[in-house]
Amino acid sequence: MKNKGKFKGRCVSRIIYATIGVAGMAMPFADAAADDAVSSGVVKTAGDSKKISFNDQDTLPMTKNVVSGKDVENAQDGYADAIKNVAGVSSNNAKGSANDSVKIRGIQLNLFTDYRLNGGLPITGVISFPTEDKDRIEALKGANALMFGIASPAGIVNLVTKRATDKDVNTLTLSGNSFGQYGSAVDLGRKFGDEKQFGLRVNLAGSHLENGVEGGNGHGLFGSVAADWKATDRLSFQFDYENYRKDVVEQASVSLSPVNPKTGTIPVPRVPDPTNLLSGTWDIYHPRTENVQLRADYKITNDWKLTGEVSRSHSERSRLQDRIDIGNNLVSGWGANNVSWIHNNYTTEFEKVELLGKFITGPLRHELTLGVSSTDRTTTTSTINNVQPPGQQQNIYNPVVLAPPILPTGPLAYTLSTGNNTGIYTYDTISIGARWKVLAGLRETNFTFENQVGRTTGKTASPAVGLLYDIARDTTVYASYMKGLEEGATAPTNAQTKNSGMILPPGVASQAELGIRTTFFKGITASAAYFSIERPNAVTDLDTGIFANAGTNKYRGIETTLSADINRWWTVNASGQYLHVLQNSLTNINGLVPENTPRFVGNLSVTHRSPLVQGLTLTAGTSYVSSRFINPQDQGVIPAVTLFSAGAGYATKIGGHRTTFQLSVDNIANKRYWNSVTTGTYGAGMDRSFRFNAKIDY
């Protein structure tokens, strides 16, 4: 395998991590601006936020949800915790996992293409993305997701980093939870130079991890640098470096039972105690990620700008994937323990050049984007199944201590997967008069993909069309359609799949969307959208054991959001999604619903800003996820679940420093539930938990 040049960041990483310990010992308080704490966390739809990170998505016929403020600051469990209240977002794994996985509009985000740093670099999702250095998190849904080239039609999660501002930043943070987790962080920001042309933002964090599973602890480290240089009035540069890692015990999962031959269904076991460790303290997950991004912007004229990006992301992980097969022992809970040793390396190199301009032709006003991008991805995987001691058994209800597996020795065999795609694209948003906007665009993608089966090459033209009409100054209706490529799925590692770990070639996906967004009523922001998505459906054939595309899935849904300031003291936020999905296939899954796909998800929260105690904010909320089928054959169901949460925040000044305190509780009723079911295994929800943080800005 050709080994491409690596960015040199190892020494920097060691210095950053050594510094964390000193920073942590020096933290009697913690950060945050009082004004951010007083306001509730923000989940905005397109049209509400004028602060954007790249091309103005607010003027496009599609959906953007922005999460900022304390929702980002308080996300101890990474990005998925921050976006959990966004309409159409649902979990795709066990609660508290070291690597979160989410679905948007019923579709699981792809490991390689659907997470972006500052609107560019695709970063591989082997670990819960940290939020300490994030200014905001954008869920870009629908057609705009396909504007990134090979990507999911459901959405893109764009993580926008903090940058130095005109005001110095000196922030310390302490955080923890009721399970025993604790951590600290420091956030420093400066502008310097004769004309403040240089900017630097540094974030460091370290934590002892406890996710509620007894014995399932570990540690995590994070460091980042964001640098800015305004070289001239026209030329500027942005640089970002991130390095984060975890070493944490991973919980075992419970495999699906066999089909009952009399009923044709699979019995679902009762939920075991999620605090019991079913694997062992030897089952340590080791993910690492390093991201480097360099961007240049050159202002040609007041109306034309040229941007370029060169970036690289490298991730690796080693794990012992533990699955317990209880068979038909649903009452006793005894089953065979199956452990696979897996090691992955992922490298992505990304380049992009764009020309953006505004001009007028007769009565038409144009906002034009011309661009070319290239993505090179290399993946190596080594998997060794059944490394557990022979005949090892575990009980999911009364677990026993398990002997460690027999780890591989000597040279390892790796399978190689490579992918390259180059896209040339243009998009033009044309304003016609004061009320109409038309989007017209085309992307041509050339791709080459190679795995252990063979080589696939192709060329795809992806058209994009859209229309916006301002009914009134504060109300817009829109429609859009786009067709593009989506990254192929990865075969799961389980007993049913013979080609575990294989990455499938890209496939064609399309989406149409019709929506409305309004701020017509004072204090109320609302949006609604209807969408229709068609994409490849990859499943494991139960007869052959081969994971492959088996037709398509058709998604039709309605998505709504509402934010209402009742008065200066009360705010209500609500979001919901209704989804109808069917599999279209020549096999026995035709007309059935995909696994782990809820028909309805919804969130409701009420925030009260106390008029009696200045700086005190109280929040109560509830979330609902409807029942879900456990496999593509719809042979069983996990029940619907309703969860309740609450929180309190207090902003004040201590010694002249702005200080905030946040306390929240999840799963107030301490409900026992299945949180997800995917790739042949169940993921359990976690018991009631309390989380806190304290921040000081000095």
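Under numbering that gives the first Met the number 0, the letters of the sequence shown match residues 0 to 697, in that order.
Ideal Cβ positions, reconstructed from N, Cα and C, are used throughout, including at glycine.
Quick check on DSSP: helix, strand or coil for Y78? Here Y78 sits in helix by DSSP.
My guess is that N536 and A549 are in contact by the Cβ rule of under 8 Å, so how many angstroms apart are they, rounded? With a beta-carbon spacing of about 6 Å, N536 and A549 fall inside the 8 Å limit used to define contacts.
Taking buried to mean at least 16 other C-beta atoms within 10 Å of its own C-beta, is G4 buried or exposed? With a pLDDT of 43 at G4, under the threshold of 50, the predicted position of this residue should be treated as unreliable, though the coordinate-derived value follows. Looking at its Cβ environment, which holds fewer than 16 other Cβ atoms inside 10 Å, G4 is exposed.
For G361 and D296, I'd like the C-alpha separation in whole angstroms. 29 Å
Helix, strand or coil for V270 per DSSP? Correct three-state label for V270: coil.
With a cut-off of 8 Å on the beta carbons, I'd call I126 and K245 a contact; round off their distance for me. 6 Å
Can you give the beta carbon distance from G620 to Y649, rounded, assuming they're within the 8 Å contact cut? At roughly 18 Å, the Cβ-Cβ gap does not stay under 8 Å, so G620 and Y649 are not in contact.
Do we get a CB-CB distance below 8 Å when we pair D70 with the residues of chain C? This model lacks chain C altogether, as it is built from one protein chain only.
Taking W333 as part of the beta strand (DSSP E), name the residues at either end of that continuous run. W333 to T360 is the span of the beta strand (DSSP E), which, as asked, contains W333.
Count the other CB atoms, across all protein chains shown, that sit within 10 Å of the CB of L59; report buried if there are 16 or more and exposed otherwise. buried
For V386, does the three-state DSSP call read helix, strand or coil? If DSSP states are grouped into helix, strand and coil, V386 belongs with coil.
With DSSP collapsed to three states, give me the class of E72. E72 carries a helical assignment under DSSP once its states are collapsed to helix, strand and coil.
Hey, R598 and G148 are a contact pair by Cβ (cut 8 Å); roughly how many whole angstroms apart? With 8 Å as the limit, R598 and G148 do not qualify as a contact, their Cβ atoms being about 31 Å apart.
Here's the rule I'm using: 16 or more other beta-carbon atoms within 10 Å means buried, otherwise exposed. How should W435 be labelled? The residue in question, W435, is exposed, as its Cβ has fewer than 16 Cβ neighbours within 10 Å.
Buried or exposed (CB count within 10 angstroms, at least 16 for buried), L611: exposed
Which of helix, strand or coil DSSP assigns to S96: coil
The beta strand (DSSP E) with G483 in it runs from where to where? Judged by DSSP secondary structure, G483 falls within the beta strand (DSSP E) whose first and last residues are T474 to E485.
Mind listing, in chain order, the continuous beta strand (DSSP E) runs of no fewer than 3 residues lying wholly within the stretch 607 to 647? 615 to 624
With three or more C-beta pairs closer than 8 Å as the rule, is the stretch 248 to 264 touching the stretch 77 to 88? no
Quickly, what does DSSP pair G198 with across the bridge? List them, please. Answer by DSSP bridge pairing, in chain order: K190 and D227.
Separation of H656 from Y697, as counted between CA atoms: 5 Å
Which residues in the same chain as T274 place their Cβ atom closer than 7 Å to its Cβ, once the five residues preceding and following it in sequence are excluded? G211, V212, E213 and D686
Using the beta-carbon count (16 or more within 10 Å), is Q634 buried or exposed? buried
Could you check the C-alpha separation between T382 and Y243 for me, to the nearest Å? 24 Å
With a CB to CB cut of under 7 Å and the five nearest residues on each side skipped, what residues in its chain are close to N669? D686 and R687
The stretch 286 to 303 touching the stretch 352 to 368, judged by at least three CB pairs closer than 8 Å: yes
Is the stretch 555 to 562 touching the stretch 491 to 511, taking contact as three or more C-beta pairs under 8 Å? no
Tell me, which residues are paired with I695 by DSSP? L171 and T658
Output needed for S279: all residues of its chain with C-beta closer than 6 Å, excluding positions within five of it in sequence on either side, in chain order. Checking the displayed sequence, the identity of residue 279 turns out to be Gly instead of Ser. Only L401 meet the Cβ criterion.
Tell me whether L139 sits in a helix, a strand or coil according to DSSP, three-state version. strand
When the Cα of Q168 is compared with those of P404, Q393, I470 and D132, which residue comes out closest? In the sequence under discussion, the amino acid at residue 168 is Val, which differs from the Gln named in the question. When only C-alpha atoms are compared, the closest one is D132.
One question on the structure: do V538 and I470 come within less than 8 Å of each other, judged by their Cβ atoms? no
Closest to I106 by CA distance: which of Y623, R454 and T551 is it? T551
Per-residue burial, V41 [other beta carbons within 10 Å of its own, 16 or more giving buried]: Note that V41 scores a pLDDT of 40, beneath 50, so its modelled location is shaky; the value from the coordinates is reported in the next line. Per the 10 Å Cβ criterion, buried.
Please look up how many angstroms separate the CB atoms of V253 and I325, rounded, as I've assumed it's under 8 Å. The beta-carbon distance between V253 and I325, rounded to whole angstroms, is 7 Å. This is short enough to meet the 8 Å contact definition.
Quick one: grab the DSSP three-state call for E512. strand
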